[in-house]
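Residue numbers (my numbering): 133 to 380.
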Ligand SMILES: Nc1ncnc2c1ncn2[C@@H]1O[C@H](COP(=O)(O)OP(=O)(O)OP(=O)(O)O)[C@@H](O)[C@H]1O
Ligand SMILES: [Mg+2]
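Quick look at the structure:
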């Protein structure tokens with residue numbers, strides 16, 4: 133079975149989408165059959181790789197996922213685009229767990245053909261993130277090196293633990309990646325130490341530096357790996373890809 137990585141953190145703007153997109157491109161370039169699933173109504177992963185959001189999402193309209201897949205500009209990478217209509221899923225009333233279970237069954241049915249699936253989650257702990265967690269084999273959590281970095285993480289970890297309890301031996305806490313790292317800041321070092329003390333070896337050695345090329349790449353519909361091959365951000369994401377691939 134392939135690996136399904138859920139890129140999640142309820143905190144906004146920590147680098148989830150950036151990490152999901154660049155890992156997807158890097159891993160596809162390593163020759164793995166890869167799928168990037170955009171589960172965020174903001175659709176940043178979709179537009180950041182030069183695709184349009186879909187009006188009618190298969191998860192909402194209960195259509196087969198394969199009808200909505202798009203080929204990315206990199207061979208062996210496909211994208212399941214996001215949809216603004218996800219907003220409706222997020223506010224759906226009713227039993228949260230059972231609804232997420234139905235959605236995750238539907239989602240999982242389309243993921244078996246890949247070596248690697250990366251799911252980009254919205255900054256919340258609602259239906260979409262729960263659906264993504266229930267469909268995944270690993271959680272990858274980006275943490276931004278800033279004050280309050282660990283704030284709210286207990287809530288997030290509690291949600292992850294509940295999914296783990298429901299589906300023993302399927303979901304694991306795959307890793308944590310420190311983003312927007314600035315070696316010159318004392319605060320960055322403090323967050324780095326705190327996170328590694330707390331989470332131990334699941335924290336990736338590779339850290340992602342703050343690099344303007346990383347933030348410019350999406351406006352060109354490309355991964356930073358292609359937009360700025362020599363950038364520090366590129367080097368970091370390529371290293372992270374290798375670390376992720378090694379952890380199998
Ligand atoms: N390493 C980096 N260097 C510079 N800018 C970055 C870096 N990583 C991310 N950014 C920028 O920071 C912003 C937030 O990143 P991103 O969209 O990946 O976060 P997110 O967690 O997906 O946000 P949201 O919670 O809204 O979905 C974006 O403008 C992105 O371009
Ligand atoms: Mg995002």
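Here a beta-carbon is modelled for each residue, glycine too, at the ideal position from N, C-alpha and C. Values in this document were obtained by computation on a predicted structure and should not be read as measured data.
The Cβ atoms of residue 310 and residue 340 sit closer than 8 Å to each other. Look at residue 149: its beta carbon is less than 7 Å from one of the heavy atoms in ligand 2. At least one heavy atom of ligand 2 sits closer than 7 Å to the Cβ of residue 252. Rounded to whole angstroms, the separation of the alpha carbons of residue 211 and residue 246 is 12 Å. Taking 8 Å as the cut-off, the beta carbon of residue 156 is found no closer than this to the beta carbon of residue 171.
Rounded to the nearest whole angstrom, the CA to CA distance from residue 243 to residue 249 is 7 Å. With the rule of 3 Cβ pairs closer than 8 Å, the region 310-324 counts as touching the region 263-280. Between residue 294 and residue 208, the alpha-carbon positions lie close to 34 Å from each other.
Separation of the CB atoms of residue 216 and residue 253 is rounded to 16 Å, and the pair is thereby denied contact status at 8 Å.
Positions of the alpha helix (DSSP H) runs, each at least 4 residues long and wholly inside the region 192-258, are given as 218-223, 228-240 in order along the chain. Residue pairing from DSSP places residue 341 in a beta bridge opposite 313. Boundaries of the beta strand (DSSP E) harbouring residue 136: 135-139, taken from the DSSP string. Here residue 304 is bridged, per DSSP, to 270. Excluding its 5 nearest sequence neighbours in each direction, residue 146 has C-beta neighbours in its own chain below 7 Å: 274, 275, 276, 311, listed in chain order.
Among the bridge pairs identified by DSSP, residue 276 is matched with 311. Your pair residue 349 and residue 359 checks out as a contact, with CB atoms roughly 4 Å apart and the cut at 8 Å. In this structure, residue 242 has its beta carbon at no less than 7 Å from each heavy atom of ligand 1. The residue among 140, 375, 373, 377 with its C-alpha nearest the C-alpha of residue 257 is 140. In this structure, 313 is the residue among 241, 303, 313 with its C-alpha nearest to the C-alpha of residue 365. In the DSSP assignment, residue 155 falls within the alpha helix (DSSP H) that extends over 148-161. A heavy atom of ligand 1 is found nearer than 7 Å to the CB of residue 311.
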